[in-house]
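Reviewing the structure listed below.
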Amino acid sequence: MKPVPFDDAETYEPEEGWRRVSMAGSDRFSFEWFEKPPGHSSPMHDHENEQVCLCLEGELTVVTEDDEVTLEPNDSVLLESNETHRVENEGEETAVGLDVFAPGRSFDFWTDREE
Numbered sequence: 000m001k002p003v004p005f006d007d008a009e010t011y012e013p014e015e016g017w018r019r020v021s022m023a024g025s026d027r028f029s030f031e032w033f034e035k036p037p038g039h040s041s042p043m044h045d046h047e048n049e050q051v052c053l054c055l056e057g058e059l060t061v062v063t064e065d066d067e068v069t070l071e072p073n074d075s076v077l078l079e080s081n082e083t084h085r086v087e088n089e090g091e092e093t094a095v096g097l098d099v100f101a102p103g104r105s106f107d108f109w110t111d112r113e114e
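Next comes the structure, spelled out in structure tokens:
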């Protein structure tokens, strides 16, 4: 067993107010808790990992090249490997979500990413 207390987990902000926290995981899958301030959007991007985005609080809008869906608390969406997307908070309150990646990925996706 490898517990990861939330307050001790690796955390960083790829952009101001967009906090990400690495939860328990492995090379096969990883979990990242995140919060997005009102009006924030990640850039359009893709990655080799399949991703499930679960909305925990507020609303999150997930946009792909072909579609768009707004998630409310407890709603989720599957993004296929290499599917170009972004996640936005179009609301007026901070949104909180959980991303699950398979295979797992490390934080260097955002820290070492070139625009």
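Numbering (numbering that gives the first Met the number 0), first residue to last: 0 to 114.
Using N, Cα and C, we set each Cβ at its ideal position, and we do this for glycine too.
Since the structure is predicted, the reported quantities are computational estimates derived from the model, not experimental observations.
Close Cβ partners of residue i (< 7 Å) along its chain, the five nearest in sequence each way excluded
| i | result |
| --- | --- |
| Phe-108 | His-46 |
| Gly-24 | Phe-30 and Gly-103 |
| Ala-8 | Val-20, Ser-21 and Met-22 |
| Gly-96 | Phe-33, Cys-52, Leu-53, Cys-54, Leu-55 and Leu-59 |
| Glu-92 | Pro-37 and Gly-57 |
Nearest residue (CA-CA) to residue i, options the options
| i | options | result |
| --- | --- | --- |
| Asp-6 | Ser-21, Glu-89, Glu-34 and Gly-16 | Ser-21 |
| Glu-15 | Pro-2, Glu-79, Phe-33 and Val-68 | Phe-33 |
CB of residue i within 8 Å of CB of residue j, strictly
| i | j | result |
| --- | --- | --- |
| Glu-49 | Leu-77 | yes |
| Gly-38 | Ala-94 | no |
| Arg-85 | Pro-36 | no |
| Val-62 | Glu-82 | no |
Close Cβ partners of residue i (< 6 Å) along its chain, the five nearest in sequence each way excluded
| i | result |
| --- | --- |
| Pro-13 | Trp-109 |
| Thr-69 | Glu-58 and Thr-60 |
Straight-line Cα distance separating residue j from residue i
| i | j | result |
| --- | --- | --- |
| Tyr-11 | Trp-17 | 8 Å |
| Val-99 | Asn-73 | 14 Å |
| Ser-80 | Asp-111 | 20 Å |
| Glu-89 | Arg-27 | 32 Å |
| Glu-67 | Ser-40 | 13 Å |
| His-44 | Glu-64 | 10 Å |
Contacts around residue i, its chain only, beta-carbon distance under 8 Å, and the 5 residues preceding and following it disregarded
| i | result |
| --- | --- |
| Ser-75 | Val-51, Cys-52, Leu-53 and Cys-54 |
| Lys-116 | What the structure shows of the chain is the stretch from 0 to 114, and residue 116 is not part of that stretch, so it cannot be assessed. |
| Val-3 | Ser-21, Met-22 and Ala-23 |
Beta carbon proximity, residue i to chain B, threshold 8 Å
| i | result |
| --- | --- |
| Gln-50 | In summary, chain B is missing from the structure at hand, where a single protein chain is found. |
Residue i beta carbon near the ligand MG (any heavy atom closer than 7 Å)
| i | result |
| --- | --- |
| Asp-107 | Among the components modelled here there is no ligand, and therefore nothing to report on the ligand MG. |
Report task. Give, in chain order, every unbroken run of the beta strand (DSSP E) that is at least 3 residues long and sits entirely within the region 50–87. Result -> 59–63, 67–70, 75–78 and 84–87
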